[in-house]
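**Q** First, the structure itself, so that you have it in front of you.
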Amino acid sequence: MSKSIPRRAEYRHFQDIPTRWGDQDSYGHINNAAYYFYFDTLVALFLAGRGLQPTPADPGSSLAVVVETMCRFHSPAHFPDVLAGGLRVAHVGRSSVRYEIGLFRPGEDLACAEGHFIHVQVDAATQRQTVPVPPALREALAPLLVSPPG
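Under the numbering used here, the first residue of the sequence shown carries the number 21, and numbering increases by one thereafter.
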């Protein structure tokens, strides 16, 4: 069963992500492990830009921990590409969020890689007990949601 390659228009938020010389492998393309760094950076920059990066020292705060991640490669990227990281949210549950990411080379409409992260909110003090997605996070994610809640 084949899956279609995502297009830029399918994502709601974009952030430039420069590749680094050290991201390449011996084949001269970006190593598979670097893509997870790009995914994490894209989500972290989106959240930080909205003041949503609590620390364990914030009383009563929660933290998002990654419980699942995936990457599918469609075509290679190379240094010094500056990739456009596309972000959308497929689902917001009681305590979890599914972020979907597409990475696009300059001038290309089809993703060179796509993937997802599932974050689960946990109590910052224990870093174990799940807690509801904070209202401020739900509000910030609403414009990225590509499917109706529920």
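Positions of the beta carbon are idealized from the N, C-alpha and C atoms, including for glycine. Since the model is a prediction, treat every value here as computed from it, not as a measurement.
Candidates Gly106, Pro152 and Val142: which alpha carbon is nearest phenylalanine 59's?
**A** Looking at the Cα atoms, Gly106 is the closest of the given residues.
**Q** Return the chain-ordered list of same chain residues with a C-beta closer than 7 Å to the C-beta of serine 115, the five sequence neighbours on each side being excluded.
**A** Result list for serine 115: Val140, Gln141, Thr150, Val151, Pro152 and Val153, in chain order.
**Q** Beta-carbon separation of alanine 110 and leucine 103 under 9 Å?
**A** No, the Cβ-Cβ distance between alanine 110 and leucine 103 is not below 9 Å.
**Q** Assuming proline 38 is part of the alpha helix (DSSP H), what are its boundary residues?
**A** Per DSSP, proline 38 belongs to no alpha helix (DSSP H); it is in the beta strand (DSSP E), 33–38.
**Q** Below 7 Å CB to CB, which residues in the same chain sit around proline 126 once its five sequence neighbours on both sides are set aside?
**A** The answer, listed in chain order, is Asp101 and Val102.
**Q** Between glutamate 30 and the rest of its own chain, which residues show a CB-CB distance below 8 Å, the 5 nearest in sequence each way excluded?
**A** The answer, listed in chain order, is Gly106, Arg108, Gly122 and Val166.
**Q** Alpha carbon to alpha carbon, how far is asparagine 52 from alanine 84? Give it in angstroms, no decimals.
**A** Roughly 23 Å between the two C-alpha positions.
**Q** Between which residues of its own chain and histidine 33 is the CB-CB distance below 8 Å, once the five residues before and five after are set aside?
**A** Excluding sequence neighbours, histidine 33 sits near Phe66, Gly106, Leu107, Arg108, Pro163 and Leu164.
**Q** Kindly indicate which residue of Glu128, Phe99, Ile37 and Gly69 has the alpha-carbon position closest to the one of aspartate 45.
**A** Minimum Cα distance to aspartate 45 is reached at Phe99.
**Q** Could you tell me the distance, in whole angstroms, from the CA atom of alanine 160 to the CA atom of valine 112?
**A** Cα to Cα, the separation comes out at about 11 Å.
**Q** Does the Cβ of threonine 146 have 16 or more other Cβ atoms within 10 Å, making it buried, or fewer, making it exposed?
**A** By the 10 Å Cβ count, threonine 146 comes out exposed.
**Q** Hey, out of Val86, Ala133, Arg28 and Asp143, whose CA is closest to valine 63's CA?
**A** Checked all of Val86, Ala133, Arg28 and Asp143; the closest Cα to valine 63 is Val86.
**Q** Which partner residues of glycine 105 appear in the DSSP bridge assignment?
**A** Note: glycine 105 sits in a beta bridge opposite Gln35 and Leu123.
**Q** Quick test of your reading: arginine 92 and glycine 135, contact by CB under 8 Å. State the CB separation rounded to the nearest angstrom.
**A** So it is a contact: roughly 6 Å between Cβ atoms.
**Q** What residues are listed by DSSP as bridge partners for threonine 150?
**A** Threonine 150 is bridged to Val142.
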